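These notes are about the structure you will find just below.
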Amino acid sequence: MQSKYRFALTLGVALVFSYAAAGLSIETFVLEVQPKTLEIGTFFSGRTVNLSGWILTDRDIIIEIIGPDEKSKFNIKGKVGPFWMNREKVELEHAPFFYKLLLPEHRKYEDRLSSQSVGIENLKQRITMKPKHLNFNKVFDLFLQFKHSEKLYKELNGAIRYSSKKEGEKSFEASFSFPSSTAPGDYKIVATLIDDDGHAEPSVRSFRVEEVGIIKAIRQLAYHRALLYGILSVLIALSVGALIGMVFKRAKAH
Amino acid sequence: MSWHIYLPIAQHSVLLPVIIGSGFLVGLLSGLFGVGGGFLMTPLLIMIGIPPTVAAASDTNQIVAAAASGTYAHYRLGNVDFKMGLFLLIGGILGGTGGVQIIKLLRQIGNADFLIKITYVVMLGAVGGYMFLESLQGIRTSKRGQVPAFETKPSAYARLIRRLPFQMHFDRSGIVNSPIVPLVLGGFVGILAAIMGVGGGFIMVPVMVYLLRMPMHVVVGTNLFQEIFTCINITIMQAYSNRTVDFVLALLLLIGSTIGAQLGSKVSAKLKRDQLKILLASLILLVMVKMLIGISFQPHILLSYYGGD
Numbered sequence: 038m039q040s041k042y043r044f045a046l047t048l049g050v051a052l053v054f055s056y057a058a059a060g061l062s063i064e065t066f067v068l069e070v071q072p073k074t075l076e077i078g079t080f081f082s083g084r085t086v087n088l089s090g091w092i093l094t095d096r097d098i099i100i101e102i103i104g105p106d107e108k109s110k111f112n113i114k115g116k117v118g119p120f121w122m123n124r125e126k127v128e129l130e131h132a133p134f135f136y137k138l139l140l141p142e143h144r145k146y147e148d149r150l151s152s153q154s155v156g157i158e159n160l161k162q163r164i165t166m167k168p169k170h171l172n173f174n175k176v177f178d179l180f181l182q183f184k185h186s187e188k189l190y191k192e193l194n195g196a197i198r199y200s201s202k203k204e205g206e207k208s209f210e211a212s213f214s215f216p217s218s219t220a221p222g223d224y225k226i227v228a229t230l231i232d233d234d235g236h237a238e239p240s241v242r243s244f245r246v247e248e249v250g251i252i253k254a255i256r257q258l259a260y261h262r263a264l265l266y267g268i269l270s271v272l273i274a275l276s277v278g279a280l281i282g283m284v285f286k287r288a289k290a291h
Numbered sequence: 002m003s004w005h006i007y008l009p010i011a012q013h014s015v016l017l018p019v020i021i022g023s024g025f026l027v028g029l030l031s032g033l034f035g036v037g038g039g040f041l042m043t044p045l046l047i048m049i050g051i052p053p054t055v056a057a058a059s060d061t062n063q064i065v066a067a068a069a070s071g072t073y074a075h076y077r078l079g080n081v082d083f084k085m086g087l088f089l090l091i092g093g094i095l096g097g098t099g100g101v102q103i104i105k106l107l108r109q110i111g112n113a114d115f116l117i118k119i120t121y122v123v124m125l126g127a128v129g130g131y132m133f134l135e136s137l138q139g140i141r142t143s144k145r146g147q148v149p150a151f152e153t154k155p156s157a158y159a160r161l162i163r164r165l166p167f168q169m170h171f172d173r174s175g176i177v178n179s180p181i182v183p184l185v186l187g188g189f190v191g192i193l194a195a196i197m198g199v200g201g202g203f204i205m206v207p208v209m210v211y212l213l214r215m216p217m218h219v220v221v222g223t224n225l226f227q228e229i230f231t232c233i234n235i236t237i238m239q240a241y242s243n244r245t246v247d248f249v250l251a252l253l254l255l256i257g258s259t260i261g262a263q264l265g266s267k268v269s270a271k272l273k274r275d276q277l278k279i280l281l282a283s284l285i286l287l288v289m290v291k292m293l294i295g296i297s298f299q300p301h302i303l304l305s306y307y308g309g310d
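Line by line, the protein sequences give chains A and B.
Going by the numbering used here, the residue at position 125 of the first sequence is 162; the numbering climbs one at a time, nothing skipped.
Going by the numbering used here, the residue at position 227 of the second sequence is 228; the numbering climbs one at a time, nothing skipped.
Structure (structure tokens):
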């Protein structure tokens with residue numbers, strides 16, 4: 038009996054050391070996301086999301102927020118005669134709708150982003166384009182310009198701030214914004230822990246952006262019962278117009 | 002409290018006072034002059050950041066309400082020629098249906114927003130330019146105390162109209178005409194209305210006065226009558242075919258525009274019309290120039306979402 042317990046203990050210790058040697062750490066990592074989901078309701082005009090947590094003192098953390106592959110078809114404007122109009126249609130596959138990269142306070146990780154498989158340049162490697170005859174680099178530059186103007190893509194240096202420490206751990210805080218044009222869907226928050234040797238350990242958490250309440254009801258009606266939605270739009274317009282007309286007793290032609 | 006409101010179809014957040022205020026301003030102007038709210042509203046909405054296809058479709062929705070209340074007011078005064086209005090609206094419904102399909106096709110090709118903008122440039126330029134010159138002439142004529150000359154001989158157009166078949170009498174307007182004319186003209190206006198997101202009044206009123214030869218006191222009421230049904234048809238077709246009607250946007254606009262129109266009609270009796278008309282014409286031309294610049298110079302961002310959204 039005693040030899041069985043001794044064997045189990047030895048095996049356990051050996052497993053712990055082998056995990057540690059392989060770099061699969063059983064380390065402390067706490068990530069809090071506030072709010073837990075993003076609700077697009079009647080008064081939605083964008084929202085700031087706060088991230089916080091604890092990591093080991095000798096680690097750094099990089100956080101990516103990656104949106105779903107939505108709205109990936111685009112028109113490219115070109116000059117036709119005297120006017121600028123849409124000339125080409127392009128589809129970018131595996132291009133997320135939304136991408137934010139939050140980097141810690143000190144700058145050393147800017148140079149190491151490609152080795153960590155993070156960042157917009159790394160995204161570029163994963164994106165494919167249709168049709169293929171277009172110049173991918175030029176199209177990607179236009180795509181980036183568009184996404185920056187819509188506040189949907191950004192690399193934020195110094196966005197992650199470290200503060201209080203307790204034994205062997207330090208806290209971190211970060212925040213980022215979703216603009217009002219955020220598309221609903223399942224987003225990913227990818228937190229990558231990096232040690233001094235450059236070993237990285239990503240951890241993925243899902244983050245839901247969803248329409249709620251009357252906004253959800255209206256969109257569902259508009260897309261799934263379009264004829265009824267059209268008729269209701271007319272009836273409501275007529276009713277409200279009549280009501281306002283009754284308030285002003287002498288209506289003149291509009 | 003947030004003053005922003007999220008538009009579910011446009012997927013865009015706007016400031017509530019801006020949207021209601023825009024509706025009020027356009028309603029006020031159209032109440033002052035009797036026509037032309039829609040053709041200012043859509044460009045205003047595009048400038049605020051609403052996608053052009055959603056702006057045009059939602060504007061048509063809000064016109065339904067304004068046209069209905071205006072028609073009722075004119076009906077009580079005996080100023081609606083229902084017979085003429087019926088032919089105009091048959092043409093308008095057919096034209097509007099065709100216009101919606103044109104928009105659908107152009108969204109697939111990728112240039113619906115360009116078509117909307119270029120149509121506005123052309124129509125605003127024509128209407129604004131005509132109004133400006135007419136107002137200027139009106140001011141000069143009233144200063145000199147001149148009386149405009151009357152036509153003494155029937156024009157080639159009038160002779161052509163008399164040769165068309167199925168001539169009938171339109172009692173309320175006091176004219177004789179073939180129904181083919183209002184059917185064709187109504188169809189043309191219906192197409193433009195669908196593309197531009199307007200009721201068509203600013204085109205239909207001159208058409209009725211100069212091409213159908215209707216007296217002015219019947220024109221506005223009859224125009225509003227056919228506008229109700231043309232816009233109802235376009236709203237339903239846009240919602241069904243293109244999913245571009247933002248009912249929340251339409252509701253906010255019509256609250257502002259209906260109040261503005263009521264106020265505008267009260268104020269119009271107290272102001273000098275020709276001078277105000279010249280101001281309105283100048284505003285229309287400014288909007289036209291802004292849109293023309295937008296499509297003539299290289300835009301800051303060369304990429305946009307497919308579908309005009």
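We put the beta carbon where it would ideally sit given N, CA and C, even for glycine.
On a predicted model such as this, the values are computed, not experimentally measured, just so you know.
- Taking C-alpha positions only, A/E238 is separated from B/L107 by approximately 48 Å.
- Only I252, I255, R256, A259, Y260, A263, L264 from the region 245–264 of chain A bring a Cβ to less than 7 Å from some Cβ of chain B.
- Sequence-distant partners of B/V27 (beyond 5 residues in either direction) whose C-beta falls short of 6 Å from its own C-beta, in its chain, are G38, L41, M42, S258.
- By the neighbour-count criterion, in which a residue is buried when 16 or more other Cβ atoms sit within 10 angstroms of its Cβ, A/R163 is exposed.
- For B/A127, no Cβ of chain A is located within less than 7 Å of the residue's own Cβ.
- In chain order, Y266 place their CB closer than 8 Å to the CB of A/A259, counting only its own chain and leaving out the 5 sequence neighbours on each side.
- A contact is defined here as three or more CB-CB pairs under 8 Å, and the region 216–232 of chain B fails this definition with respect to the region 240–257 of chain A.
- Cα atoms of A/V86 and A/E187: separation of roughly 18 Å, rounded to the nearest angstrom.
- DSSP places B/S283 within a helical segment (H, G or I) once states are collapsed to three.
- Contact check for A/E101 against A/V155 passes: the beta carbons are separated by less than 7 Å.
- Neighbours of A/F81 across chain B, judged by C-beta separation under 8 Å: H5, Y7, S14.
- For B/I285, no Cβ of chain A is located within less than 7 Å of the residue's own Cβ.
- Legend: CB atoms of the region 172–194 of chain B lying less than 8 Å from CB atoms of chain A are not found in any residue.
- The continuous stretches of beta strand (DSSP E) do not include B/V208, and DSSP gives it neither H nor E.
- Note on geometry: alpha-carbon atoms of A/N123 and A/S240 lie some 41 Å from one another.
- Proximity of A/Q71 to chain B, defined by a Cβ-Cβ separation below 7 Å, is not satisfied.
- Interface annotation, A/F215: not in contact with chain B, CB-CB separation never under 7 Å.
- Spatial neighbours of A/K137 in its own chain (CB-CB distance under 6 Å, excluding positions within 5 residues in sequence) are listed in chain order as I102, K191, F213.
- Between B/P44 and B/Y121, the C-beta spacing is below 7 Å.
- For the pair A/K110 and A/P133, the Cα-to-Cα distance works out to about 12 Å.
- In the structure shown, A/E204 adopts coil according to DSSP, grouped into three states.
- By the CB criterion at 7 Å, A/E206 and A/I77 fall outside the cutoff.
- For a cut-off of 8 Å, the C-beta gap from B/L95 to B/G188 is around 5 Å, short enough to register as a contact.
- Not a single C-beta of chain A is nearer than 7 Å to the C-beta of B/S143.
- In this model, B/L225 and B/Y7 are separated by some 31 Å (Cα to Cα).
- Using a Cβ-Cβ distance cut-off of 8 Å, the region 244–264 of chain B and the region 76–87 of chain B are not in contact, since fewer than three pairs of beta carbons, one from each stretch, lie closer than that value.
- Here B/M85 carries a helix assignment [DSSP, helix/strand/coil].
- Only residues of its own chain outside the window of five on either side were considered, and among them T54, A113, A195, I196, N243 have a CB closer than 7 Å to the CB of B/I104, listed in chain order.
- For chain A, the residues of the region 66–80 of chain B that bring a beta carbon within less than 8 Å of one of its beta carbons are A66, A67, A68, A69, S70, G71, Y73, A74, H75, in chain order.
- Collapsing the DSSP output to three states places B/H301 in coil.
- Here A/R242 is near A/I226, since their CB atoms are less than 7 Å apart.
- Against chain B, the CB of A/N112 has a partner CB under 7 Å away; the residue lies at that interface.
- Residue nearest to B/A282 within the set B/E135, B/W4, B/Q102 is B/E135 (criterion: CA-CA distance).
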